[in-house]
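To start, the structure under review is shown below, and the notes come after it.
Number of protein chains: 2
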Amino acid sequence: MKPNFSLRLKVFNLNCWGIPYLSKHRADRMKRLGDFLNVESFDLALLEEVWSEQDFQYLRQKLSPTYRAAHYFRSGVIGSGLCVFSKHPIQELTQHVYSLNGYPYMIHHGDWFCGKAVGLLVLHLSGLVLNVYVTHLHAEYNRQKDIYLAHRVAQAWELAQFIHHTSKKADVVLLCGDLNMHQEDLGCCLLKEWTGLHDAYLETRDFKGSEEGNTMIPQNCYVTQQELEPFPFGIRIDYVLYKAVSGFYISCKTLETTTGHDPHRGTPFSDHEALMATLYVRHSPPEQNPSPIQRPAERSPLISVLREAWTELGLGMAQARWWATFSGYVIGLGLLLLALLCILAARGGAWEAAILLWTPSVGLVLGGGAVYLFHMQEAKGLYRAQAELQHALGRAREARDLELEPQPAPLLEQQEGDRAEEQ
Amino acid sequence: MKPNFSLRLKVFNLNCWGIPYLSKHRADRMKRLGDFLNVESFDLALLEEVWSEQDFQYLRQKLSPTYRAAHYFRSGVIGSGLCVFSKHPIQELTQHVYSLNGYPYMIHHGDWFCGKAVGLLVLHLSGLVLNVYVTHLHAEYNRQKDIYLAHRVAQAWELAQFIHHTSKKADVVLLCGDLNMHQEDLGCCLLKEWTGLHDAYLETRDFKGSEEGNTMIPQNCYVTQQELEPFPFGIRIDYVLYKAVSGFYISCKTLETTTGHDPHRGTPFSDHEALMATLYVRHSPPEQNPSPIQRPAERSPLISVLREAWTELGLGMAQARWWATFSGYVIGLGLLLLALLCILAARGGAWEAAILLWTPSVGLVLGGGAVYLFHMQEAKGLYRAQAELQHALGRAREARDLELEPQPAPLLEQQEGDRAEEQ
Chain A
1 MKPNFSLRLK VFNLNCWGIP YLSKHRADRM KRLGDFLNVE SFDLALLEEV WSEQDFQYLR
61 QKLSPTYRAA HYFRSGVIGS GLCVFSKHPI QELTQHVYSL NGYPYMIHHG DWFCGKAVGL
121 LVLHLSGLVL NVYVTHLHAE YNRQKDIYLA HRVAQAWELA QFIHHTSKKA DVVLLCGDLN
181 MHQEDLGCCL LKEWTGLHDA YLETRDFKGS EEGNTMIPQN CYVTQQELEP FPFGIRIDYV
241 LYKAVSGFYI SCKTLETTTG HDPHRGTPFS DHEALMATLY VRHSPPEQNP SPIQRPAERS
301 PLISVLREAW TELGLGMAQA RWWATFSGYV IGLGLLLLAL LCILAARGGA WEAAILLWTP
361 SVGLVLGGGA VYLFHMQEAK GLYRAQAELQ HALGRAREAR DLELEPQPAP LLEQQEGDRA
421 EEQ
Chain B
1 MKPNFSLRLK VFNLNCWGIP YLSKHRADRM KRLGDFLNVE SFDLALLEEV WSEQDFQYLR
61 QKLSPTYRAA HYFRSGVIGS GLCVFSKHPI QELTQHVYSL NGYPYMIHHG DWFCGKAVGL
121 LVLHLSGLVL NVYVTHLHAE YNRQKDIYLA HRVAQAWELA QFIHHTSKKA DVVLLCGDLN
181 MHQEDLGCCL LKEWTGLHDA YLETRDFKGS EEGNTMIPQN CYVTQQELEP FPFGIRIDYV
241 LYKAVSGFYI SCKTLETTTG HDPHRGTPFS DHEALMATLY VRHSPPEQNP SPIQRPAERS
301 PLISVLREAW TELGLGMAQA RWWATFSGYV IGLGLLLLAL LCILAARGGA WEAAILLWTP
361 SVGLVLGGGA VYLFHMQEAK GLYRAQAELQ HALGRAREAR DLELEPQPAP LLEQQEGDRA
421 EEQ
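Chains A and B are the protein sequences, given in the same order. When the letters of the first sequence are read in order and numbered with UniProt numbering, they come out as residues 1 to 423. When the letters of the second sequence are read in order and numbered with UniProt numbering, they come out as residues 1 to 423.
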């Protein structure tokens, strides 16, 4: 490889808002998106919320002259909505479906039916191994009282773990997608601290687009304005994140977002804004080489975010167990009612009441049973993530304590506790 | 590292048959297993079917003086049943839950409720990175008419992909567990071809134990004898598989199984036989170094097994879609009945019949709906695995064709087809 080697990557990301029958002007938007992607000729176009496989097939056909490779990530009842178009051949691909993704009885939210996932593509470009991830996490419907917070944190942890374990031999890691989290949110911090990914918006010196890099903005005619009321400039929940390992350096030369309309001033491609990044990968000069060994001071944010996530998942678990217990009582009540009805029927009295109450009693038992099973599974899923976090936390603390020797670890813990109390 | 470096690994694997209330002598077997593991002091003890977390906690406490680290992999409603005890610190851990795992309405089989998974531990031993996987795939209840075949093949593929993508920087890979597959079964071949793992039983020169290395044998008093009728010597469905990469060489010095009773001639630890392997990892002499580039002839079994798995998943998909369509009709029938009942009730006639038929109609709609959703999800899951297989098949064919140049690829395909027709 040449010493002045440099690889340019043009990347496009968009949450396409492609809900059949519900999303406005879907066909027209898909057509214009296809035209735009063909003209701009990105290296990679990563899309979310392409819920209809027909839309993917349409885009695949339309984009095939420019983008040789394409893949649609299938999961859940509806699908993950994720797909990717690449100018370069895809060497390998796989996906991971998140074990927690909302509640099946929250039909109006619908996330559970989608089977939210993270898709992985491995590309070989100019001798570099590039791991590209695309994802879409659970939506946030109410920021003040977010019943899905624990699920989103667990998803962020699974995403971080998936990237961590599958990218060990990659030279460059790229994650695009709709994380449904603001940059300061717990899940977002957890993801960045655990994987070491950098945020293109925060890193680039050349940003063009919406105020504060927001990807849902009030200027977009498809956005429900009430949802953005607490955020007059909009919110930034779609990301391009990246890192380079093993002697390479990656930087974001330019980052651009659409600004509430398509790049030709027409109606927007979606209710989200598109992200367009130009990344450069170079050989890493020694001073820019990311240090593989974190110093104790660098471990503190990791330890703190792991601890915070652990606590949040604990709260989610308590909630899940409460629902499991509650549905246990409902099952009990249903069984009691059924027993009473049987006694009533056996004695030959009140047949009509028995027949009328039969349906709700069976409903209570079956409905309660389904809810019980679901929340037991939820509690197990949260416990699993919590146990992994606990392990990671233990390892991070051990590493920090080892580095801080000869100061004894318990004393350090004590000091930390004292500081926390003082604050 | 010294040139004559050698690492010895003593590994224990057992499907513990630990179903609360159902498995005979569970407490006694767990106690004796704990005693045995403490005495033998393996590097790693990998267990399956530890369904009760209390059993895991009991073993954890009992084994803590010998095995410093332990982990229980939680998933599904009941759990994955997987756990691990390690003499060495666990550096990292994670797990992957299989997206397909039987049917929730097959309650008597129960696999769906378990959330079958693969657990991963990363250990650092003498400067080596060791990735240890433990898993348990869907049971085979009827070999002649196996309705779970497509699910097991999909699980084998997910397992193979998980190992492939997470072990790229590992020096040694070890997989133990109950695969519920015979060595010649499609899923088993797929797993071995895709990952390059070797079977300890087939590789070792020093095997002691049951006939043909079987891990479910008629001599075991807990085994249901009818199930083994077609196999008078038993079946081999539990495995120790391994490989070394990046300049190392791994061999199985000894492999031992129990033979229908515990090693002290008492009643067995489980209805499965335990596997005890002693593995050695050494620097790889050049001639033993596994070739990273497969020759065309070596690709043929991979291509053939990928093709076969692709076909099997296709059959599973057709079945899943048939069930989805059937349940669609059931929903339709339920809705029709409900409409008739409403009309009947509105006209003021046949109240009793209306009330009586209300429950089955609602039951048809809700039950049909649940079955429809489940099989749609199943079809999506199978399609996902099939698409990944298709991609892998394409890449393998391209690689073979490239290696066989200047012979044109289409001609080769034609020749292959001709040969297949001749046979």
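We put the beta carbon where it would ideally sit given N, CA and C, even for glycine. Predicted model only: the values in this text are computed from it and were never measured.
Query                                                                                                                                                                    : Result
At which residues does the beta strand (DSSP E) containing B:Arg60 begin and terminate?                                                                                  : Here B:Arg60 belongs to no beta strand (DSSP E); instead the alpha helix (DSSP H) covers Glu53 to Leu63.
Hey, A:Leu364 and A:Gly334: beta-carbon distance below 7 angstroms or not?                                                                                               : yes
State the CB to CB distance for the pair A:Leu202 and A:Pro218, rounded to an integer number of angstroms; the pair is presumed to be in contact (CB under 8 angstroms). : Actually they do not touch by this definition, with Cβ atoms about 23 angstroms apart.
Per DSSP, which one or two residues make a beta bridge with B:Tyr239?                                                                                                    : B:Gly177
Can you tell me whether A:Ser291 is buried or exposed? The criterion is at least 16 other CB atoms within 10 Å of its CB, across all chains shown.                       : Low confidence applies here, because A:Ser291 scores a pLDDT of 46, under 50, leaving its location unreliable; read the following figure in that light. Classification for A:Ser291: exposed.
Are there 16 or more other CB atoms within 10 angstroms of the CB of B:Asn142, so buried, or fewer, so exposed?                                                          : exposed
Give me the Cβ distance between B:Val172 and B:Val281, rounded to the nearest whole Å; I'm assuming they're in contact under 8 angstroms.                                : 6 angstroms
Applying the 10 Å Cβ sphere with the 16-neighbour rule, what's the burial state of A:Tyr383?                                                                             : buried
Straight-line CA distance for B:Val77 to B:Asp111?                                                                                                                       : 10 angstroms
If we count the other Cβ atoms within 10 Å of its Cβ and call it buried at 16 or more, is A:Val97 buried or exposed?                                                     : buried
Please classify B:Val50 as buried or exposed, where buried requires at least 16 other C-beta atoms within 10 Å of its C-beta.                                            : buried
Does the region 8 to 17 of chain A touch the region 267 to 278 of chain A, meaning 3 or more C-beta pairs lie closer than 8 angstroms?                                   : yes
Can you list the beta strand (DSSP E) stretches of 3 or more residues lying completely in the region 110 to 180 of chain B, in chain order?                              : 117 to 125, 128 to 136 and 172 to 178
Under 7 angstroms between the Cβ atoms of A:Ala320 and A:Ala379?                                                                                                         : yes
Would you kindly work out how many angstroms separate the C-alpha atoms of residue 437 of chain B and B:Leu179, rounded to a whole number?                               : Given that chain B is displayed from residue 1 to residue 423, the structure contains no residue 437 of chain B and the question cannot be resolved.
Let me check understanding here. Comparing Cα to Cα, which of A:Cys176, A:Leu46, A:Gly79 and A:Leu63 lies closest to residue 428 of chain A?                             : Outside the shown range of chain A, which is 1 to 423, sits residue 428 of chain A, and nothing can be said about it.
Just to make sure I have the definition right: I need the residues of chain A whose C-beta is within less than 7 angstroms of the C-beta of B:Ile355. Which are they?    : Ile355 and Leu356
Quick one: is B:Val28 buried, meaning 16 or more other Cβ sit within 10 Å of its Cβ, or exposed?                                                                         : In the sequence under discussion, the amino acid at residue 28 of chain B is Asp, which differs from the Val named in the question. Classification of B:Asp28: exposed, given that the 10 Å Cβ count is below 16.
Out of A:Leu59, A:Gly328, A:Asn131 and A:Val153, state which residue places its alpha-carbon closest to the alpha-carbon of A:Cys176.                                    : A:Asn131
What are the residues of the region 140 to 159 of chain A that lie near chain B, defined by any Cβ-Cβ distance shorter than 7 angstroms?                                 : none
What number of angstroms, rounded off, separates the C-alpha of A:Leu128 from the C-alpha of A:Ala160?                                                                   : 22 angstroms
Does any C-beta atom of chain B lie closer than 7 angstroms to the C-beta of A:Ala420?                                                                                   : Low confidence applies here, because A:Ala420 scores a pLDDT of 39, under 50, leaving its location unreliable; read the following figure in that light. So, not an interface residue.
In angstroms, rounded to a whole number, what distance separates the CA positions of A:Val362 and A:Leu338?                                                              : 7 angstroms
Candidates B:Ala277, B:Val245, B:Phe207 and B:Phe326: which alpha carbon is nearest B:Phe169's?                                                                          : Looking at the sequence provided, one finds Lys at residue 169 of chain B rather than Phe. Cα-wise, what sits closest to B:Lys169 is B:Val245.
Quick check on DSSP: helix, strand or coil for A:Gly79?                                                                                                                  : coil
Residues of chain B with CB under 8 angstroms from A:Gln91, in chain order?                                                                                              : Arg395
One question on the structure: do A:Leu44 and A:Ser126 come within less than 7 angstroms of each other, judged by their Cβ atoms?                                        : no
Please classify A:Gln288: does DSSP put it in a helix, a strand, or coil?                                                                                                : A caution first: A:Gln288 carries a pLDDT of 48, below 50, which makes its placement in the model too unreliable to give a value.
Establish whether the CB of B:Thr94 and some CB of chain A are separated by less than 7 angstroms.                                                                       : yes
Spatial neighbours of B:Arg68 within its chain, please: C-beta separation below 8 angstroms, excluding the five flanking residues on both sides.                         : Ser86, Lys87, His88 and Pro89
Please confirm whether A:Ser99 has its beta-carbon closer than 7 angstroms to some beta-carbon of chain E.                                                               : The structure shown contains no chain E; the protein chains it does contain are A and B.
Does the beta-carbon distance from A:Leu37 to A:Leu63 come in below 7 angstroms?                                                                                         : yes
Since A:Leu340 contacts B:Ile355 with CB under 8 angstroms, what's their CB separation in whole angstroms?                                                               : About 18 angstroms; that fails the 8 angstroms criterion.
Am I right that B:Tyr148 and B:Gly102 are in contact with their C-beta atoms under 8 angstroms? What's the rounded C-beta distance?                                      : 6 angstroms
Would you list, in sequence order, the uninterrupted alpha helix (DSSP H) runs of no fewer than 4 residues that lie entirely inside the region 318 to 342 of chain A?    : none
Can a CB atom of chain A be found closer than 7 angstroms to the CB of B:Pro292?                                                                                         : Residue confidence is low: B:Pro292 scores 45 on pLDDT, short of 50, so the model does not pin down where it sits. No coordinate-derived value is stated.
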